[in-house]
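The structure appears below as structure tokens.
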Amino acid sequence: MNKLRRFYNQNSRGIWTLAIIIAFFLILLRLVNLWTAKKSTEELTNNQIKIENSVIKTENNINLESELSGITGEKKSSTIISTEVKIIQEFLNNCEKKDTEKAYDMLTEECKDEMYDTEEKFKEQYCNNNFKDDNMNFNIENWINSTYKVKVFEDIMATGKYEDRPVVQDYITVKKEGETYKLNINNYIGRSELNKEKSKDGVTIKIINRNIYMDYESYEIEVKNNTEKDILMDTKENLKSMYIKDSKDVKYSAYSHEISFADLYVQRKQKRTLKLKYYSSYNSAKNIEKLVFSNVVMDYNRESDTINSNSIQKLDISI
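Position 259 (the sequence shown) corresponds to 1275 in my numbering; numbering is contiguous.
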């Protein structure tokens, strides 16, 4: 003990100097570690903010990706875009807040008639399926004309994880009904009332309307058989025998698998209403000119299910 005390007394200045130096370096090291940790946190936060800003996050959880059309590349008036996006934003917020009455009131009459004839149906099939919580973010992209591509994401700040895939993707179209802007949703673009009619060989075909979706077109058709024989509008032996044709002579076949023989069968002196879908994705520049039944049996015996090949006719109507 005496030796230690003597050693300390003889070297106290050096010992304290060394202790101060060690303490200084320890404090400096601690400060460096704290600064590094803070910088890493800031970088992580900045990266998260960049992800949110570039993908889904802006004021009111809405981000407009581009003023340019995602299809044509054309720039749209910022005033028009601002008006239309505001309508879509209000609709999305109503859905998110589960205010289905207000959201349903924003739909066009044609959308209600075609897809959601009651508010309850809209609530169950659209709102409840697509907006499962109230922490959603929305990305809106100007797609074509007044149709916008809408992506719904989970809120990264609420879930703590970033998912680059949307929970829901929809195409929403803004239309004006009177003085009010309304919406077509769930990939539904809109309806055209056509009321085109043509008669040939005792059969009258009337196209009542056309409903356009992003992936297909649907036509409501009335067929009136004025002959003395039963007819079959298609034998379903050829998947391409029922089609629509555009101005460039491109043909778009019907969804033959979705329609039965019973639907295609029209008794003599009777009429039948058909609803046919066609593989024709939406393009505002596309001009559909004709609707064609190329394999119509003009003398069909349903009981024996026999087809007289000599009685097969082609019936078409201009649109």
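Even glycine gets a Cβ: it sits at the ideal position worked out from N, Cα and C.
The stretch 1293-1301 makes no contact with the stretch 1238-1251, as fewer than three CB pairs between them are under 8 angstroms.
Rounded to whole angstroms, the gap between the alpha carbons of V1308 and K1302 is 17 angstroms. Annotated three-state conformation of R1046 is helix, per DSSP. Bounds of the beta strand (DSSP E) holding K1191 are V1184 to E1193.
Relative to H1273, the option among K1212, M1314, L1255 and K1306 whose CA is nearest is L1255. Counted as a single uninterrupted DSSP element, the alpha helix (DSSP H) harbouring L1280 occupies residues F1277 to L1280.
Check the Cα spacing between E1170 and each of N1158, N1151 and E1126: the tightest is with N1151.
The stretch 1121-1141 and the stretch 1192-1204 touch, with no fewer than 3 CB-CB distances between them shorter than 8 angstroms. Closest option to S1093, judged by alpha-carbon separation, among D1217, Y1235, C1143 and S1162: S1162. S1300: not part of any alpha helix (DSSP H); DSSP gives it neither H nor E.
When only Cα atoms are considered, K1102 and E1112 end up about 15 angstroms apart.
Contact between the stretch 1208-1215 and the stretch 1224-1231 is present: three or more C-beta pairs spanning the two stretches fall below 8 angstroms. Taking all protein chains in view, the Cβ of L1280 is crowded by 16 or more other Cβ atoms within 10 Å, so the residue is classified as buried. Between the beta-carbon of T1251 and that of V1313 there is about 6 angstroms, and that keeps the pair under the 8 angstroms contact cut.
Per the coordinates, the alpha-carbon of I1188 lies some 46 angstroms from the alpha-carbon of S1325.
Collapsing the DSSP output to three states places L1108 in a helix. Residue pairing by DSSP places M1258 opposite F1309 in a beta bridge. Nearest in C-alpha terms to K1306, of all of S1327, I1333 and E1233, is I1333. Between F1138 and K1114, the gap from beta carbon to beta carbon reaches 9 angstroms or more. Of the candidates K1191, I1304 and T1289, I1304 places its Cα closest to the Cα of D1262. Per DSSP, reduced to three states, the secondary structure at I1103 is helical. Annotation: F1154 is outside any alpha helix (DSSP H); the continuous beta strand (DSSP E) that includes it extends over M1152 to I1160. In the DSSP assignment, E1130 falls within the unbroken alpha helix (DSSP H) covering E1125 to E1130. By the Cβ neighbour-count rule, E1136 is exposed, with fewer than 16 other Cβ atoms within 10 Å of its own.
Following the DSSP letters along the chain, one finds F1147 in no alpha helix (DSSP H), marked with neither H nor E. The beta-bridge partner set that DSSP reports for R1284 is empty.
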